[in-house]
Amino acid sequence: MAALKEPVKIFIVQALACRDTPQEVAILVKQEFGIEVDRMQCAAYDPTKAAGKNLSAKFKKLFEDTRKKFDKGLVDIPIANKHYRMKQYDKLLQKTKNTVMALRIMEQAAKDSGGLYTNKTELTGAGGGPIKTVQTQTTVEEYLNAREKILNEF
Numbered sequence: 273m274a275a276l277k278e279p280v281k282i283f284i285v286q287a288l289a290c291r292d293t294p295q296e297v298a299i300l301v302k303q304e305f306g307i308e309v310d311r312m313q314c315a316a317y318d319p320t321k322a323a324g325k326n327l328s329a330k331f332k333k334l335f336e337d338t339r340k341k342f343d344k345g346l347v348d349i350p351i352a353n354k355h356y357r358m359k360q361y362d363k364l365l366q367k368t369k370n371t372v373m374a375l376r377i378m379e380q381a382a383k384d385s386g387g388l389y390t391n392k393t394e395l396t397g398a399g400g401g402p403i404k405t406v407q408t409q410t411t412v413e414e415y416l417n418a419r420e421k422i423l424n425e426f
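Under my numbering, the letters of the sequence shown match residues 273 to 426, in that order.
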């Protein structure tokens, strides 16, 4: 195992707190710092795992603070977390070399960030104001005449 300097340890703790797997973190450390670490060494910096039970208080606090910021107001299921999905889209986008696939990933991310996949419906009138409604009283005869007129147009 490589002896790690403070910035590398902080990087590992924060990446794990952002729900990256130890294997993903090991790859990221290789890319960022050019240091070869294995996933077991990375797992030792996750206080939620048995391998990280002896992690120093300083790194435990950093992990907890980073995790709170990452999950702020969100549920425990990562895929239900919009920030997690955006992070995954970004990872996929960085990996792909196919232009068509990159465009699809960006379109999916735009739809997701724009709220296309929610069941929230917002109804507004012109300019975002309230919907204007008009109530009038009509007689049965006026209604039938208007209906007949519309049917005759077809």
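From the three backbone atoms N, C-alpha and C, an ideal C-beta is built for every residue, glycine too.
Report task. Would you mind giving the Cβ-Cβ distance between Asp310 and Lys354, rounded to the nearest angstrom? I have them listed as a contact below 8 Å. Result -> Contact flag wrong, Cβ pair sits at about 32 Å.
Report task. Please go through the same chain and pick out, in chain order, the residues whose beta-carbon is closer than 6 Å to the beta-carbon of Pro319, but skip the five residues on each side of it. Result -> Taken in chain order, the residues that qualify are Leu327, Lys332, Phe335.
Query raised in the report: Just to confirm, are Ala316 and Leu300 a CB contact at a threshold of 8 Å?
Result: Going by C-beta atoms, Ala316 is not nearer than 8 Å to Leu300.
Query - Host alpha helix (DSSP H) of Lys321 (start-end) - result: That residue, Lys321, is in no alpha helix (DSSP H); it is neither H nor E in DSSP.
Query raised in the report: Val347 to Thr405, Cα distance in whole Å?
Result: Confidence at Val347 is low in this model, with a pLDDT of 40, below 50, so the placement of that residue is unreliable and no value is reported for it.
**Report entry** Nearest to Asp292 (by Cα), restricted to the options Glu425, Lys277, Arg339
**Finding:** Distances from the CA of Asp292 to each of Glu425, Lys277, Arg339 were compared; the closest alpha carbon is that of Arg339.
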